[in-house]
Structures are given as structure tokens and as C-alpha cells.
Ligand code: ZN
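Written out as C-alpha cells, the structure is:
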């Protein structure tokens, strides 16, 4: 059902500073940044092989990333898996009793259809499903 790990989301306080570190770590000089209004976040995406690292900085106090950083240190925020059919995947997970944050898919970075599964259902890790097209 899950095709691959699509990306790993990392919550950061300062996107520019974090991106510079990830340029140094990955050796990838070209990365894309994007503002995602749905979550009020600025995102930097680094393609590493067939997966990506997604750095996330909240743009206001109301952003879920800012709220996360009030309670947690910078670091792992979520793991995202690519799925073929997100609506079907959500239906199947719901039927199995997983706690869904998003009952329906919404639009995330890169125009992907995304939905989150509550970490209480997934051993403490916020889990995202992504449908690329
Ligand atoms: Zn993500």
C-alpha cells in the first residue's frame, strides 16, 4: 500500500540557517523553497535519492510548526509515505481504527494531496500520506 518514504519533515526555527546546514550535510546546493498557506509554513525541500528532507518553519504563532516548537525541540516532525490513492488509503486506515487528523486529503507542498495520521496511532510519530499526482 505504501510505495516509499516520500519525505521526512523536520521542524526548524530558522529556515535559512537550517537550509545552509543541509546544503553542507547533503552536498545538494539546489533546493526549492515554498510557502504553504494551509499550514502557514515556509518549506525547503532537499531531494536525497528517491526521498526528500523537508525543513519546515512556521510563519506565525498559529502555524502547527510554531505550536510544535513551543512544546518540543527542533527535530523530527513527521514521516511522509507516498501512496497511489490517498482517498482509498484514508478509508482503509479509518476502517482499521487509525486516528486520522485529516479525514479528507488537502493540498500540501508541491501541490501534493496530503493527509496526516495522529501520532497516537503510529507509535508516537506523526505520519503523513502523500499522493504525488
Ligand atoms: Zn510533509
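Numbering (the numbering used here), first residue to last: 9 to 141.
Built from N, CA and C at the ideal position, the CB exists for glycine as well.
Here residue 61 is not near residue 122, since their CB atoms are 8 Å or more apart.
Scanning the stretch 11–84 for uninterrupted alpha helix (DSSP H) segments of 4 residues or longer gives 23–34 and 72–79, listed from N- to C-terminal end. Bounds of the alpha helix (DSSP H) holding residue 94 are 94–103.
With a cutoff of 7 Å, residue 116 counts as near the ligand ZN, since its C-beta is closer than that to a heavy atom of the ligand. When the five nearest sequence neighbours on each side are left out, the beta carbons in the same chain lying within less than 6 Å of the beta carbon of residue 88 are those of 14, 15, 136 and 138, in order along the chain.
Closest option to residue 112, judged by alpha-carbon separation, among 28, 95, 134 and 82: 95. For residue 109, no beta strand (DSSP E) segment is defined, and its DSSP state is neither H nor E. Where residue 138 is concerned, the enclosing beta strand (DSSP E) starts and stops at 135–139. Using a Cβ distance threshold of 8 Å, residue 20 and residue 100 do not count as a contacting pair. For residue 117, there is no enclosing beta strand (DSSP E), as DSSP gives it neither H nor E.
Taking a 10 Å sphere around the C-beta of residue 115, we find fewer than 16 other C-beta atoms and assign the residue as exposed. Proximity of the beta carbon of residue 88 to the ligand ZN is indicated: a heavy atom of the ligand is located closer than 7 Å.
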